[in-house]
Amino acid sequence: MKGFSLFFLLALVFSLSVAGQEVIVLTDEEKITISSEVELFNDPDNTLSIEEIQSVPFEKNKHKTVNIGYNNTIDWFKLSVYNPGNNDVDRTVQINKFLIDKVTFYYNENGTWNSISTGAHLSGSDRSLNTFSTGFPVTFTAQDTLTFYIRMVSSYSRQFNIAIVKEEVLIKNDIREGSILGFFTGGLLIITIFNFFIGLRVKDTVYFHYILANIATGITVLAIRGYFSY
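All residue numbers for the sequence shown refer to the working numbering, where the first residue is 6 and numbers rise by one.
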């Protein structure tokens, strides 16, 4: 019995390689970072469809994070996840970055490829999830391996982590990002009001220049973090 438990534990922790295809084993952890397990393919001509992409040679990511830099072409990601449990499991495949123009998640259902999209350039109603990162809800069937493809086009840096997370992780992430936004905006507002009254009192225009600098800083930081896309 102990031997079986140890084998099952090892199966949950480590990835398997089946027929040359990297398989990620689903565990019950709140978050499983899988960046080093995904497979990558760059489509320089931006022409491949979901049917065609299945026959191209993907390469396994060799780093702990996905870091493709900047480019104007389409990147594809492939991941296969095995659920060893006896029950279907609901999770979210999370790309820990919001500033992506458009990313499409392809999944096979009853022999037909379906897709859902999200990204900073889509309206809220068109996104798969309205969170501070990019995510796609997925149901992993019991004792089955599901293969997914992700198609990404973006003018922003393509450096991020990919993880399989529970819903509560997304909620925690949104609370943290919302808190950062609140503290940052509140701090800038206090500094701006302080400089305004000091400038009026001493009649020195340099304080009003500080105000403009604060506003410019705030707009820049909020834009970089993707808040304006909300």
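Ideal Cβ placement from N, Cα and C applies to all residues, glycine included.
| Asked | Found |
| --- | --- |
| Runs of beta strand (DSSP E) lying entirely within the region 140-219, each at least 3 residues, in chain order | 149-158, 167-170 |
| Neighbour-count burial assignment, residue 174, 16 or more Cβ in a 10 Å radius | buried |
| Three CB pairs or more closer than 8 Å across the region 63-75 and the region 38-48 | yes |
| Start and end residues, beta strand (DSSP E) containing residue 39 | It is not in any beta strand (DSSP E) - residue 39 carries neither H nor E in the DSSP assignment. |
| Proximity below 8 Å, CB of residue 61 to CB of residue 46 | yes |
| Burial state of residue 139 (16 or more Cβ within 10 Å) | buried |
| Neighbourhood of residue 99 by C-beta, 6 Å cutoff - its chain only, sequence neighbours within 5 removed | 138, 140, 168, 170 |
| Sub-8 Å separation of residue 74 and residue 105 beta-carbons | no |
| Simplified DSSP state of residue 34, which is helix, strand or coil | coil |
| Presumed contact (8 Å Cβ cut-off) between residue 153 and residue 87, rounded CB distance | Contact doesn't hold; Cβ gap of about 12 Å is too wide. |
| Nearest residue (CA-CA) to residue 116, options 101, 102, 91, 151 | 151 |
| Extent of the continuous beta strand (DSSP E) to which residue 121 belongs | 117-123 |
| Own chain partners of residue 196 with C-beta closer than 6 Å, once the 5 adjacent residues on each side are dropped | 219 |
| 6 Å CB neighbourhood of residue 213 in its chain, flanking five on each side removed | 204 |
| C-beta atoms of residue 122 and residue 107 nearer than 8 Å | yes |
| Proximity of residue 146 and residue 95 at Cβ, strictly below 8 Å | no |
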